[in-house]
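Note that my numbering numbers the sequence shown so that position 119 is 119, with each residue one more than the last.
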Amino acid sequence: MKVALINPPPASAYDEHWARFPVLGVAYLAARLRAAGHDVLLLDGKLGRLSAAEIVDRTLSYAPELVGITCMTVEFPMLATIATAIKSRSGVPVIAGGAHINAVKSLALEECESIDFGCVGEGEYLITEIAEALRTGADPGSVAGLLYRNNSGSNASHVVFSGERGYPKDYDLMPFPAWDLFDVGDQIPILTHRGCPFRCTFCGHNSGFKARFRTPHNVIEEIERDISLFKPKVIRFEDETFGLDLKRTKAIIGLIIQRGLHRSVRFSAQTRVDKIDLEFVEMLKDANFETLELGVESGNAEILKKTKKGITLDQVERAVTMAKSMGLKVWCKFILGHPGETLDTIRDTMQFISKLNPDQLSVAIMTPYPGTPIHEMARKGEGGYILKGREWKDYDKYSTGVLELESVSLGQLKLYQILCYARLYLFNSRFRDGFYLVWNHFGMATRMVAEVCLGLMRFGERLPKGEDHGGHERRADAAERHRGLQARGGATGRR
């Protein structure tokens, strides 16, 4: 079959800033489809700087027999726009996947009638199976992990879930991502395992709680292929925790050094502060790793406990000190707006950031993504949360925001978001770094200031009870259908 795969355009100026690198999801889908004998058109609205209209036109010119669109929560309105435009001009089936579909499941199809199928769980084998089912006229219900519309009898147009899908037994058999379909640029991502066993309250665990690993030699084969064919300057390990199995991770790094791959490319990775030892950091340096990313989340010990991340501030300081001692650049990531957060705990985070003095900093605003414990707390008004009446397009952790606390307004969260950066550079006399940060992101910086003012003005606007988190009033019949799917297992797939 001819299959078009779409990564939507940036949803905002903030999204555009982070949309400079290729994404793994659709690259894996494309590779698996081609391995199964299908022809693939890949349209990356971010790397290709394509508008929604351009994507629709190119898709229809290709005349596909199946269209797949991926999205995060903030991108769902863009997905819906593209799917609706394609449907209005063609009868081609549309399947939606990605983190948002995994989390909200049947609600996505209820909110966008142009979506024919939804993918719950991993999509590489699912999309090849639904393509084969469409080609042969087989029942879509035979494809595990599929949401689809029942267009017959009394259940006409109701959304049905075919049942939870298991994970592949051997990830070494998965074709390497199809980077030849992208304009990949200087940086290529790689994933050595899927799944995360930890229980952070702000995470939806889109890849599941069970860690599934590729063998070190299979990982090295992909790195060698990428260096040979695409010649990137940087390869970035996208594992949620690169050091999850530290012995295995060291084996991968050892092979990089043994085969001399570190002479051709630089590397970066992210891990947990409690999954680091001195040998690991020394090996990273020897293997030409330039940046180590660490999720810290808060600089207040009690708030950090409430995140259920399972780390301590002492472990954070130890990890940062160790990485710096080896000459690695450290990128620390924080979130403002945890359950029970106050202005005092936020100030603790500001001071801790300045004390750590990371080379790079990310400070996000807590966003109640569907599928996360925070989402449920916000929905119930627990943890001091006030959920604001916004659309999915506002579920942006660096931008608009949909959540505030009884003691801290959204405007105040955004103000302190800016102050975290300002204090880092001023306190540590890094005036040049601060100047270049603002200069290189001037549009984002001015917009952040404007949103601070707007957020302070709107303090207290609250989402009425019973209104959907995407800003839509749920119809009683839609709610009943959703509950029915949950009872039959439709809401049990992993995000």
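Here a beta-carbon is modelled for each residue, glycine too, at the ideal position from N, C-alpha and C. Model, not experiment: these values are computed from the prediction.
- Residue pairing from DSSP places SER268 in a beta bridge opposite ARG236, THR291.
- Close CB contacts of ILE311 within its chain, under the 6 angstroms cut and outside five residues either way in sequence, are with VAL273, ASP274 (chain order).
- Taking a cut-off of 8 angstroms for Cβ pairs, the segment 210-227 and the segment 243-263 touch, as three or more such pairs fall below it.
- Just measuring C-alpha positions, the residue of TYR385, ALA251, ASN288, ARG430 sitting nearest SER268 is ASN288.
- DSSP links ALA4 through a beta bridge to LEU41, VAL67.
- In terms of Cβ geometry, GLY204 and TYR398 do not form a close pair [threshold 8 angstroms].
- Excluding residues up to 5 positions away in sequence, MET326 lie with their Cβ nearer than 7 angstroms to the Cβ of GLU282 in the same chain.
- In this structure, SER88 is the residue among SER354, VAL40, SER88, ALA144 with its C-alpha nearest to the C-alpha of VAL56.
- With respect to the 8 angstroms criterion, ARG423 and MET350 are classified as neighbours on the basis of their beta carbons.
- DSSP, reduced to helix, strand and coil, places GLY118 within a strand of the structure shown.
- Spanning the alpha carbons of GLY295 and LEU361 requires a straight line of approximately 10 angstroms.
- In the three-state reduction of the DSSP assignment, VAL363 falls in the strand class.
- If you compare the alpha carbons of LEU173, ASP172, GLN187 with that of TRP179, the shortest gap goes to GLN187.
- For HIS338, there is no enclosing beta strand (DSSP E), as DSSP marks it with neither H nor E.
- The beta carbon of GLY401 sits closer than 6 angstroms to those of ILE365, LEU410, all from its chain and outside the five residues before and after it, given in chain order.
- Three or more Cβ pairs closer than 8 angstroms define a contact, and the segment 57-73 meets that threshold against the segment 129-149.
- In this model, LEU426 and ALA251 are separated by some 41 angstroms (Cα to Cα).
- If you check the CB distance, PHE230 and THR192 do not come in under 8 angstroms.
- Between ALA83 and ILE115 the beta-carbon gap is near 6 angstroms, inside 8 angstroms, which marks them as a contact.
- Taking C-alpha positions only, CYS196 is separated from PHE209 by approximately 5 angstroms.
- Taking 8 angstroms as the cut-off, the beta carbon of PRO22 is found closer than this to the beta carbon of PRO189.
- The beta carbon of LYS308 sits closer than 7 angstroms to the beta carbons of ARG199, CYS200, THR201 from its chain, once the five residues preceding and following it are set aside; these are given in chain order.
- Here LYS233 is exposed: its Cβ has fewer than 16 other Cβ atoms, across all protein chains shown, within 10 Å.
- Per DSSP, PRO216 is one residue of the alpha helix (DSSP H) stretching across 216-230.
- Where GLY97 is concerned, the enclosing beta strand (DSSP E) starts and stops at 94-97.
- In the three-state DSSP reduction, LEU405 falls in the strand class (E or B).
- In the DSSP assignment, ILE386 falls within the unbroken beta strand (DSSP E) covering 385-387.
- TYR148 is bridged by DSSP to PHE117, VAL160.
- For LEU278, the closest alpha carbon among the candidates HIS262, THR241, LYS324, ASP314 is that of LYS324.
- Three or more Cβ pairs closer than 8 angstroms define a contact, and the segment 93-111 meets that threshold against the segment 138-151.
- PRO373: member of the alpha helix (DSSP H) spanning 373-380, first to last residue.
- Collapsing the DSSP output to three states places LYS329 in a strand.
- Note on geometry: alpha-carbon atoms of ASP170 and GLN412 lie some 48 angstroms from one another.
- Within the same chain, Cβ atoms closer than 7 angstroms to the Cβ of GLY98 are found at GLY25, THR70, CYS71, MET72, the five residues on either side in sequence being excluded.
- Look at HIS193 here: in three-state DSSP terms it is strand.
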